[in-house]
Each structure stands twice: as structure tokens, then as C-alpha cells.
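Scroll down for the structure; my scribbles are underneath it.
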Amino acid sequence: MVALVRPGARTMRAVVLDAPGPPEALAIRELPVPVPEPGEVLIEVRAFGLNRSELQTRFGLASHVVFPRVLGIEATGVVAAAPGGEFEVGQQVAAMMGGMGRTIDGGYAESTCVPASQVVPFTSDLDWATLGAVPEMLQTSYGSLTVGLDAQPGQSLLVRGGTSSVGMATTVLAKRLGMTVLATTRDPAKAPALTGVGVDHVIVDDGAVAGRVRELFPDGVDAVLELVGTPTLPDSLACVRVHGVLCFTGSLSNQWAVPDFYANTYLPRGVRLSAYFGDASDLPAAVLQEFLDAVAAGTATVPIACAYALEEIVEAHTAFEAGRSSGKFVVTT
Ligand SMILES: NC(=O)c1ccc[n+]([C@@H]2O[C@H](COP(=O)([O-])OP(=O)(O)OC[C@H]3O[C@@H](n4cnc5c(N)ncnc54)[C@H](OP(=O)(O)O)[C@@H]3O)[C@@H](O)[C@H]2O)c1
0 MVALVRPGAR
10 TMRAVVLDAP
20 GPPEALAIRE
30 LPVPVPEPGE
40 VLIEVRAFGL
50 NRSELQTRFG
60 LASHVVFPRV
70 LGIEATGVVA
80 AAPGGEFEVG
90 QQVAAMMGGM
100 GRTIDGGYAE
110 STCVPASQVV
120 PFTSDLDWAT
130 LGAVPEMLQT
140 SYGSLTVGLD
150 AQPGQSLLVR
160 GGTSSVGMAT
170 TVLAKRLGMT
180 VLATTRDPAK
190 APALTGVGVD
200 HVIVDDGAVA
210 GRVRELFPDG
220 VDAVLELVGT
230 PTLPDSLACV
240 RVHGVLCFTG
250 SLSNQWAVPD
260 FYANTYLPRG
270 VRLSAYFGDA
280 SDLPAAVLQE
290 FLDAVAAGTA
300 TVPIACAYAL
310 EEIVEAHTAF
320 EAGRSSGKFV
330 VTT
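Residue 0 is where the sequence shown starts when you use numbering that gives the first Met the number 0, and the numbers rise one by one after that.
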């Protein structure tokens with residue numbers, strides 16, 4: 000059964016990238032509304048977050064991307080059709096990953112058609128800009144804290160790359176867990192954004208923060224979330240206590256590889272090195288629902304930098320690329 004929320008809508012607006020290029024390469028076009036097969040879900044997209052992954056695609060640095068492509072590794076909206084019966088028409092859902100925006104058309108559109116395995120349901124009266132900012136950011140933060148760091152109440156956590164959307168969302172979750180959070184930014188003017196989401200100690204990152212971290216925690220912190228990448232990794236490892244753990248989740252510097260890695264000289268004694276990369280299955284529906292309910296109740300915040308309309312996608316990507324804000328960029332359709 001194919002039942003569109005907007006019967007008769009045969010075309011949709013979508014943001015298409017024909018080939019890597021500047022923000023202006025993102026073109027809004029009328030495309031046919033996709034028709035889902037059994038096992039797929041057609042989502043009427045209400046909002047979508049912007050991700051570094053899409054910047055990498057636009058820069059031509061991402062592998063396995065087939066052009067032309069509707070970008071977007073995530074989307075949030077309502078189910079327009081689910082011929083396999085996995086979801087009800089009209090149900091609120093988030094979708095992420097599974098090749099979205101890379102090997103299949105993604106979330107930068109008024110509709111997107113994705114495998115049912117990539118879809119997470121929820122119920123919320125929050126506005127769509129708030130809802131659209133959450134899925135990929137929460138999945139990454141939750142997965143980093145649980146799978147990557149096995150974070151526990153009362154522990155100390157350093158977030159390297161603290162003003163990133165993943166960094167700020169991780170702070171929100173870590174504070175809810177009862178952790179003490181240290182977070183870095185290269186820009187002292189962004190300190191209020193960090194304390195605003197609950198950071199206990201703002202560290203201005205000049206490339207070497209381990210000394211200042213150990214002034215606060217002489218034995219080192221229990222956990223570090225590395226989001227800046229291999230240029231800061233040795234200094235981040237030097238912040239960790241013996242038997243503490245560092246999780247490598249992101250590389251804002253775009254430098255992912257360690258040349259000539261020798262464990263005995265690279266890793267401090269007794270410090271554990273972990274990694275996280277996730278999928279929709281790493282965000283249980285109950286976790287998403289609990290977080291959205293906490294936001295609605297005012298006990299958690301969604302760190303949003305800016306919200307844009309679909310027709311402002313070039314401005315949105317320009318500002319996102321500049322990286323002068325703190326938190327998540329989100330676009331509503
Ligand atoms: N593993 C996964 O599953 C997964 C999923 C999603 C994202 N990620 C990764 O997580 C990281 C964060 O993503 P995001 O979307 O949250 O980022 P974002 O919001 O776009 O981060 C923007 C912030 O990054 C900082 N930054 C930019 N370039 C930097 C550089 N060269 N060195 C240090 N800091 C820099 C800036 O902070 P300041 O100016 O304040 O220093 C800026 O405010 C990315 O590397 C992304 O690829 C991983």
C-alpha cells in the first residue's frame with residue numbers, strides 16, 4: 000500500500016549536488032516523490048540536521064558517493080508510506096545513515112525513501128527544528144558515552160572539540176548522567192555556550208591542554224571524547240588517568256590517520272584507546288523518546304546553533320562550513 004500524507008504530490012523540492020563544489024553547488028530542484036518498495040519507508044521530511052559528512056561530500060573527500068545525489072545522512076518527519084507495515088502512516092520518525100546522502104538519496108528534501116532498518120519512531124510535541132536537530136547528534140553522543148567510553152556517574156570527562164554539536168550534546172548527556180565535564184574550544188568567546196549546556200571547566204585549546212587538565216585532575220580524567228582528530232590525539236591521551244579511556248569519534252581537523260603508529264611510544268602506559276562509529280540501530284527508540292521527553296520537560300537542552308529554511312540551504316552550508324557557531328545547524332522544510 001502506498002499512501003502519501005499529501006495525496007497527489009508527485010514532485011518534491013530536494014537539494015541536489017551534481018558534483019563536489021562550493022555551497023552554491025547545492026541546487027534546489029523539483030524531483031519525483033520516491034515510491035517505496037516493501038522494506039522501505041517514505042518519510043515526509045519536516046527537518047534535517049547538517050553534518051560534517053555532507054561537508055566532506057561537498058568537498059569531494061567522501062568515498063562511495065554516487066553523483067548526482069540528494070545529500071543528507073539524516074531526516075526527521077512523518078511516515079508517508081510503509082508498504083512493509085513496519086510503521087503507521089503519520090507516525091513521527093527519525094532516519095539516519097544506511098547510505099543516506101551517499102549511495103541513496105538522503106534527507107535534504109521534502110520526502111526521502113529509506114530502508115525501514117534506518118528508521119526510529121518517536122512521539123513529541125516539540126517543534127520540528129528542535130526534533131530535526133536531534134537524531135544523528137544524539138546517536139553519536141549516546142553511542143560514544145555508552146559503547147565508546149562506558150561512562151559512569153561521578154566520572155570526569157574531557158570533550159575535545161566541545162563546541163561541536165556532538166560535543167555539546169555529549170555534555171548534555173554526561174551532565175544528566177552526573178559526570179564532571181571539561182570541554183575545549185579554540186575560541187574563548189564561545190565559553191558561555193559551553194557553560195550554558197553545563198560544562199564545568201572550559202579549556203581554551205591552543206593545541207596543548209594536558210597540563211591544564213592535570214592542574215584540575217592531577218591523576219588525569221576518567222574519559223576523553225576526541226572530536227578534533229589525530230593532531231590533538233597524543234595531547235588528549237596525556238589527559239587520561241591510568242585505566243581511563245579515550246574514544247576517537249570524530250576528526251574536525253580532517254586528519255584521521257596516525258603515520259608510523261608504534262603503540263609503545265604513542266600510547267601512555269595503562270591508557271585505553273577506543274573508537275565509535277554508529278548507525279540508526281545504535282539509537283534505541285526508548286533512548287530517543289526519553290531524551291525528547293526530557294527536552295519537553297525542560298531538564299535537557301538541544302544545542303542548536305542556527306535554524307534555516309530549505310530555500311536557505313546555500314546560506315546554511317556557508318555558515319556551517321565557517322564553523323563560527325556552537326551547536327547543531329538544522330533546516331526545516
Ligand atoms: N563516529 C560517528 O559516528 C560520528 C557521527 C557524527 C559526527 N562525527 C564526527 O564528529 C565530529 C563533530 O561533528 P559535528 O557535526 O558535531 O561538528 P560541528 O558541529 O560542525 O563542529 C564545529 C566546531 O568544530 C570546531 N572545529 C572546526 N574545525 C576544527 C579544527 N580544525 N580543529 C579543532 N576544532 C575545530 C569548532 O570549534 P571551536 O572553534 O570552538 O574550536 C567548531 O565550533 C566530526 O569530526 C564528525 O565527522 C562522528
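Just so you know, even glycine gets a beta-carbon here, dropped at the ideal spot from N, CA and C.
Closer than 8 Å: F58 CB and nearest ligand 1 heavy atom:
Looking up residue 58 in the sequence shown gives position 59. Flag unset: Cβ of F58 not near ligand 1.
Would P67 and A18 be called neighbours here (beta carbons separated by less than 9 Å)?
For this step, residue 67 is matched to residue 68 along the sequence shown. For this step, residue 18 is matched to residue 19 along the sequence shown. Yes. Within cutoff.
Please state whether DSSP places A24 in a helix, a strand or coil.
Along the sequence shown, one-based indexing puts residue 24 at 25. Residue state for A24 is assigned as helix, using DSSP reduced to three classes.
Considering only the alpha carbon of each residue, which of Q138, H63 and F121 lies closest to S280?
Here residue 280 refers to the residue found at position 281 when the sequence shown is read from its first residue. The residue with the shortest Cα to Cα distance from S280 is Q138.
Go through its chain and collect everything with a Cβ distance to V64's Cβ below 7 Å, but skip five positions before and after it.
Start at 1 with the first residue of the sequence shown, and residue 64 comes out as number 65. Same-chain partners within the cutoff: T56 and R101.
Can you give me the C-alpha to C-alpha distance between V208 and V201, rounded to a whole angstrom?
Against the sequence shown, residue 208 aligns to sequence position 209. Against the sequence shown, residue 201 aligns to sequence position 202. Our two residues, V208 and V201, have alpha carbons roughly 11 Å apart in a direct line.
Exposed unless 16 or more other CB atoms sit within 10 angstroms - verdict on A94
For the purposes of this step, residue 94 is identified with residue 95 of the sequence shown, where counting begins at 1. Sixteen is the threshold: when 16 or more other Cβ atoms of the shown chains lie within 10 Å of the Cβ of A94, as they do, the residue is buried.
Assuming contact is defined by CB atoms lying nearer than 9 Å, are V171 and V196 in contact in what I supplied?
Residue 171 sits at position 172 when you count from the first residue of the sequence shown. Residue 196 sits at position 197 when you count from the first residue of the sequence shown. Annotated as proximal: V171 and V196, with beta-carbon spacing under 9 Å.
Under the rule that 16 or more other beta-carbon atoms within 10 Å means buried, what is G177, buried or exposed?
The residue labelled residue 177 in the question sits at position 178 within the sequence shown. With fewer than 16 other Cβ atoms within 10 Å, it is exposed.
Would you tell me roughly how many angstroms separate the C-alpha atoms of T129 and G269, rounded to the nearest one?
In the sequence shown, counting from the first residue as 1, residue 129 sits at position 130. In the sequence shown, counting from the first residue as 1, residue 269 sits at position 270. Going by C-alpha positions, T129 is about 41 Å away from G269.
Helix, strand or coil at L157 according to DSSP, with G and I counted as helix:
Your numbering for residue 157 matches position 158 in the sequence shown. Three-state DSSP puts L157 in a strand.
CB of R211 to nearest heavy atom of ligand 1: below 8 Å?
Position 212 of the sequence shown holds residue 211. No, the beta carbon of R211 sits no closer than 8 Å to any heavy atom of ligand 1.
Along the beta strand (DSSP E) that carries Q91, what are the first and last residues, could you check?
Position 92 of the sequence shown, counted from the first residue, corresponds to residue 91. First-last of the beta strand (DSSP E) with Q91: Q91 to M95.
Assess contact between the region 209 to 226 and the region 243 to 254, defined as three or more Cβ pairs (one per stretch) separated by less than 8 Å. Is contact present?
Yes: the two stretches touch, three or more of their Cβ pairs being nearer than 8 Å.
To the nearest angstrom, report how far apart V257 and E39 are at their CA atoms.
Within the sequence shown, numbered from 1, the residue matching residue 257 stands at position 258. Within the sequence shown, numbered from 1, the residue matching residue 39 stands at position 40. If I take the Cα positions, the gap works out to 39 Å.
Helix, strand or coil: which one does DSSP assign to L287?
As a first step, residue 287 must be located in the sequence shown, where it is residue number 288. For L287, the secondary structure class from DSSP, reduced to helix, strand or coil, is helix.
Pick from W127, A188, P120 and V227 that is closest to V165, judged by C-alpha positions:
The count along the sequence shown starts at 1 and reaches residue 165 at position 166. Nearest to V165 by C-alpha distance, out of W127, A188, P120 and V227, is V227.
Pop quiz: L193 and T169 are said to be a contact at Cβ under 8 Å. What is the actual Cβ separation, rounded to whole angstroms?
Residue numbering aside, residue 193 sits at position 194 when the sequence shown is read from its first letter. Residue numbering aside, residue 169 sits at position 170 when the sequence shown is read from its first letter. Contact doesn't hold; Cβ gap of about 12 Å is too wide.
Can you list, in chain order, the residues of its chain with a C-beta nearer than 8 Å to that of V1? Leave out the 5 residues immediately preceding and following it.
Mapped onto the sequence shown, residue 1 falls at position 2. In this prediction, V1 scores a pLDDT of 38, lower than 50, which makes its location untrustworthy; the coordinate-derived value is nonetheless stated afterwards. The beta carbon of V1 sits closer than 8 Å to the beta carbons of V34, P35, L41, A80 and P82 from its chain, once the five residues preceding and following it are set aside; these are given in chain order.
Please identify the residue among G20, A13, V15 and M11 whose C-alpha is closest to the C-alpha of E320.
Locating residue 320 in the sequence shown gives position 321, counting from the first residue. Out of G20, A13, V15 and M11, G20 has the C-alpha closest to the C-alpha of E320.
Return yes when the C-beta of T162 is under 8 Å from any heavy atom of ligand 1, and no when it is not.
Numbered from its first residue, the sequence shown carries residue 162 at position 163. Under cutoff, so the answer is yes.
By alpha-carbon positions, which one of I72, G210, D205 and E109 ends up nearest to I27?
Sequence index remark: in the sequence shown, residue 27 carries index 28 (1-based). Scanning I72, G210, D205 and E109 for the CA closest to the CA of I27 turns up E109.
Classify P33 as helix, strand or coil using the three-state DSSP reduction.
Residue mapping note: residue 33 aligns to position 34 of the sequence shown, counting from 1. Shown here, P33 sits in coil according to DSSP, grouped into three states, outside any helix or strand.
Taking only the alpha-carbon atoms, compute the straight-line gap between S252 and S235 and give it to the nearest angstrom.
Locating residue 252 in the sequence shown gives position 253, where the first residue counts as 1. Locating residue 235 in the sequence shown gives position 236, where the first residue counts as 1. So the alpha carbons of these two residues sit roughly 14 Å apart.
In the DSSP assignment, find the beta strand (DSSP E) that holds F47 and state where it starts and stops.
On the sequence shown, residue 47 is found 48 positions in, with the first residue counted as 1. Element bounds for F47: E39 to G48.
With a 10 Å radius around its C-beta and 16 neighbouring C-beta atoms as the bar for buried, classify V330 as buried or exposed.
In the sequence shown, counting from the first residue as 1, residue 330 sits at position 331. Note on V330: 16 or more other CB atoms within 10 angstroms of its CB, so buried under the neighbour-count rule.
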